Amino acid sequence: MAECNDYNYKFWMLAFEFFKKDVKKPEDNLIILVHWLLLKNDFQVLGLGCKNTIDENAQPSDILPTNWSQNETYKLQYMYDKELILLNAANAGDSLLLNLYNVKTKHVSCSTIGNINSAVQWITDLVNNKDKVYEIIHLLENQLIGPMKKENEKKINVSTQTNDESKNSLLLESRPVDVRRYQEINDNPLNVFPSYGMSDLNPLGGLRDFGEGMLFNPNMRRRGQSAFPGVPPMARFDPMRPRNPDPMRPDILRPDPDHMIPPDFDDNMYM
1 MAECNDYNYK FWMLAFEFFK KDVKKPEDNL IILVHWLLLK NDFQVLGLGC KNTIDENAQP
61 SDILPTNWSQ NETYKLQYMY DKELILLNAA NAGDSLLLNL YNVKTKHVSC STIGNINSAV
121 QWITDLVNNK DKVYEIIHLL ENQLIGPMKK ENEKKINVST QTNDESKNSL LLESRPVDVR
181 RYQEINDNPL NVFPSYGMSD LNPLGGLRDF GEGMLFNPNM RRRGQSAFPG VPPMARFDPM
241 RPRNPDPMRP DILRPDPDHM IPPDFDDNMY M
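The sequence shown begins at 1 in UniProt numbering and counts up one residue at a time.
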């Protein structure tokens, strides 16, 4: 149990001795343990209750509020990363059920401590039961506290990434298009991934090279001739039929598929 021996139990006995005077039920001791773990993970308590709003007069504190152990169930308000977190706990047979609820994100994490009497005996005698106490702490940190923290950290990372993408998109929109830069990219034989599609998406692509865009460069000498009669050289022309597969046979001698009537064609479309 190397991890057990290396775990930092700093201020546990101090917290336990401080709140021990309010203990009225065995499970109260476990609530002190949960509160201590929450403090270790940068949570702070605001007060009693399960309201979804923060009292204007409430101040984050490390001290459990007065009468926190008076009722059979536990309802405490905590704050983590400026967000309201509700802790609910209840005794179910010989187990203590716990859950944390983030009011803003609606995220919930749950955990259960079984065999309350044995767990209380272990945490009150930490020196001789470090391995057992570490199992309880490991359970709470992985099932109750850890998921709630990860949800908040994930939200922060997504927000940061969204802001970065917005800044990058604004920079791209405000940056003028350098036609020569794109031409250099496409003309570079070492460029494995040229800017395919640029010629169709950019109306001014014709100013970079022939056969692109919607405009012709008046200063560029037109090269070659069209393969279709009546079509200007270098015009972007879609033929009305497939190319002649037999170059030795002129197009004028090729049969026109439209001249042939399809099989079973019924020309009597009118009564």
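C-beta atoms are modelled at their ideal positions from N, C-alpha and C, and glycine is treated no differently. Treat the numbers as computed from the prediction; the structure is a model and nothing was measured.
Could you name the residues of the same chain whose beta carbon sits closer than 6 Å to that of residue i, not counting the 5 residues immediately before and after it, in chain order?
i, result
"residue 33", "123"
"residue 28", "69"
"residue 52", "103"
"residue 15", "36"
"residue 31", "74"
"residue 22", "69"
"residue 84", "54 and 103"
"residue 67", "none"
"residue 143", "111"
Kindly indicate the opening and closing residues of the alpha helix (DSSP H) around residue i.
i, result
"residue 124", "116-124"
"residue 29", "26-40"
Could you spell out where the beta strand (DSSP E) holding residue i opens and where it closes?
i, result
"residue 17", "Careful: residue 17 lies outside any beta strand (DSSP E), inside the alpha helix (DSSP H) at 12-19."
"residue 135", "It is not in any beta strand (DSSP E) - residue 135 instead sits in the alpha helix (DSSP H) that spans 130-140."
"residue 45", "44-48"
Report all residues from its chain with a CB closer than 8 Å to the CB of residue i; omit the five preceding and five following residues, and keep chain order.
i, result
"residue 47", "55, 58, 65, 76 and 77"
"residue 149", "41 and 80"
"residue 147", "107 and 109"
"residue 24", "69 and 70"
"residue 139", "111 and 113"
Please classify residue i as buried or exposed, where buried requires at least 16 other C-beta atoms within 10 Å of its C-beta.
i, result
"residue 193", "Per-residue confidence for residue 193 stands at a pLDDT of 47, beneath the threshold of 50, marking its modelled position as unreliable; no derived number is given."
"residue 13", "exposed"
"residue 9", "exposed"
"residue 102", "buried"
"residue 127", "exposed"
"residue 11", "exposed"
"residue 63", "exposed"
Tell me which same chain residues have a C-beta within less than 7 Å of the C-beta of residue i, skipping the five on either side of it?
i, result
"residue 99", "88, 108, 109 and 110"
"residue 145", "37, 38 and 41"
"residue 49", "75 and 77"
"residue 119", "30, 113 and 136"
"residue 132", "122"
"residue 141", "37"
Contact defined as beta carbons within less than 8 Å: I believe residue i pairs with residue j. What is the distance between those atoms, to the nearest angstrom?
i, j, result
"residue 94", "residue 115", "6 Å"
"residue 80", "residue 43", "5 Å"
"residue 73", "residue 90", "5 Å"
"residue 117", "residue 26", "6 Å"
"residue 153", "residue 105", "No, residue 153 and residue 105 are not in contact; Cβ-Cβ is about 12 Å, not under 8 Å."
For this session: Quick one: which unbroken beta strand (DSSP E) runs of 3-plus residues sit fully inside the region 64-120? Chain order, please.
Result: You should have 74-80, 83-92, 95-102 and 108-114.
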